[in-house]
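Participant: To start, I am sharing the structure in question, which I have written as structure tokens.
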Amino acid sequence: MKNKIELYEKLALQIKSCQKCRLCETATQAVVGDGSLDAKIIFIGEAPGKNEDASGIPFVGRAGKLLTSLIEELGLKREDVWIGNIIKHRPPKNRDPLKDEIEACRDFLTQQISIIKPEIIVTLGRFSFNYFVPDGKIGIERGKLIDMGSYRVFPVYHPAAALRNKNFLNTLRSDFTALSEIMKLKNIES
Ligand code: URA
Numbered sequence: 003m004k005n006k007i008e009l010y011e012k013l014a015l016q017i018k019s020c021q022k023c024r025l026c027e028t029a030t031q032a033v034v035g036d037g038s039l040d041a042k043i044i045f046i047g048e049a050p051g052k053n054e055d056a057s058g059i060p061f062v063g064r065a066g067k068l069l070t071s072l073i074e075e076l077g078l079k080r081e082d083v084w085i086g087n088i089i090k091h092r093p094p095k096n097r098d099p100l101k102d103e104i105e106a107c108r109d110f111l112t113q114q115i116s117i118i119k120p121e122i123i124v125t126l127g128r129f130s131f132n133y134f135v136p137d138g139k140i141g142i143e144r145g146k147l148i149d150m151g152s153y154r155v156f157p158v159y160h161p162a163a164a165l166r167n168k169n170f171l172n173t174l175r176s177d178f179t180a181l182s183e184i185m186k187l188k189n190i191e192s
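Read in the numbering used here, the sequence shown has 85 at position 83, and its numbers run on one by one without any break.
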């Protein structure tokens, strides 16, 4: 089998040149993902925003700073984990991604996950959660570990939603505390 860096880089080129949906026409560039391909825990958001579209790196704006500090509170560095999105090109004016855009992009994240082979996927927000569990209700299932066979999904609120709502922020923080307990039990260090 080819090594994972080669596979990932080949996939990254496909993502960067993707024209499967309308978003490539308005975005500056695709945001492929960031971090370690050996990560046991990965974080999946919705879609790049303005700062991510400009830099090509996921979660670098205000929501990204919150996510980075929550990751550090887990005792990890940002470069120990992998961070990506279900949608690789920024939707105009940060609107919600459309169904056909999510479907056009679906296979890229599926392939990224099969290269990285994480143990835990932390989904950030409802779009990311529903990518894995289509009928799942984030308000009910957040903070619980869901067995998906070859990996487990741990849904939490989106950091951007937490920045807008104090209750969501408190819930996000307590879900990260629960996540840190789960990681200790499972002996996950990165
Ligand atoms: N919000 C997301 O869902 N993803 C990013 O990369 C940035 C903000």
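By construction, the Cβ of each residue, glycine as well, lies at the ideal position given by its N, Cα and C atoms.
Fair warning: this is a prediction, and the values are worked out from it, not measured in the lab.
1. Could you name the residues of the same chain whose beta carbon sits closer than 8 angstroms to that of Ile117, not counting the 5 residues immediately before and after it, in chain order?
2. Just to check, is the beta-carbon of Val33 closer than 7 angstroms to a non-hydrogen atom of the ligand URA?
3. Would you please state the rounded distance, in angstroms, between the beta carbons of Ile43 and Pro120? I believe it to be under 8 angstroms.
4. By the 10 Å Cβ neighbour count, where 16 or more other Cβ atoms means buried, how is Ser176 classified, buried or exposed?
5. If you count every other CB in all the chains shown that lies within 10 Å of the CB of Gly2, and 16 or more means buried, which is it?
6. Beta-carbon within less than 6 angstroms of Thr70's beta-carbon, same chain only, minus the 5 sequence neighbours each way: which residues are those?
7. Cutting at 7 angstroms between CB atoms, please list the residues of its own chain near Ile148, excluding the five before and the five after it.
8. How far does the alpha helix (DSSP H) with Thr179 in it extend, from its first residue to its last?
9. Excluding the 5 residues flanking Phe45 on each side, which residues of the same chain have their C-beta closer than 7 angstroms to its C-beta?
10. Quick check: what's the CA-CA separation for Pro99 versus Cys26?
11. For Arg64, does the count of other Cβ atoms within 10 angstroms reach 16, so buried, or fall short, so exposed?
12. Here's a check: name, in chain order, each residue in its chain whose Cβ is nearer than 6 angstroms to the Cβ of Ile17, leaving out the five neighbours to either side.
Facilitator: By the coordinates alone:
1. Taking the first residue of the sequence shown as position 1, residue 117 is located at position 115. If we look at Ile117 and ignore the five residues flanking it on each side, its Cβ neighbours are Lys6, Leu9, Tyr10, Leu13, Leu39.
2. Residue numbering aside, residue 33 sits at position 31 when the sequence shown is read from its first letter. Yes; taking the cut-off as 7 angstroms, the Cβ of Val33 has a heavy atom of the ligand URA nearer than that.
3. Residue 43 sits at position 41 when you count from the first residue of the sequence shown. Residue 120 sits at position 118 when you count from the first residue of the sequence shown. Right, the Cβ-Cβ distance comes to about 6 angstroms (below 8 angstroms), so this counts as a contact.
4. In the sequence shown, residue 176 corresponds to position 174, counting from 1. Per the 10 Å Cβ criterion, exposed.
5. Examination of residue 2 is not possible in this model, given that the chain is present from 3 through 192 alone.
6. In the sequence shown, residue 70 corresponds to position 68, counting from 1. Once the five neighbours on either side are set aside, the close Cβ partners of Thr70 are Arg80.
7. Walking along the sequence shown from the start, residue 148 turns up at place 146. The answer, listed in chain order, is Val135, Arg154, Val155.
8. What you label residue 179 is simply residue 177 of the sequence shown in a count that begins at 1. Its alpha helix (DSSP H) spans residues 168-187.
9. Residue mapping note: residue 45 aligns to position 43 of the sequence shown, counting from 1. If we look at Phe45 and ignore the five residues flanking it on each side, its Cβ neighbours are Leu69, Val83, Ile85, Val124, Leu126.
10. As a working note, residue 99 is residue 97 in the sequence shown. As a working note, residue 26 is residue 24 in the sequence shown. Near 13 angstroms, if we compare the C-alpha coordinates of Cys26 and Pro99.
11. Here residue 64 refers to the residue found at position 62 of the sequence shown. Under this definition Arg64 is an exposed residue.
12. Here the question's residue 17 lines up with position 15 in the sequence shown. These residues qualify, in order along the chain: Ala32, Val34, Lys90, Phe110.
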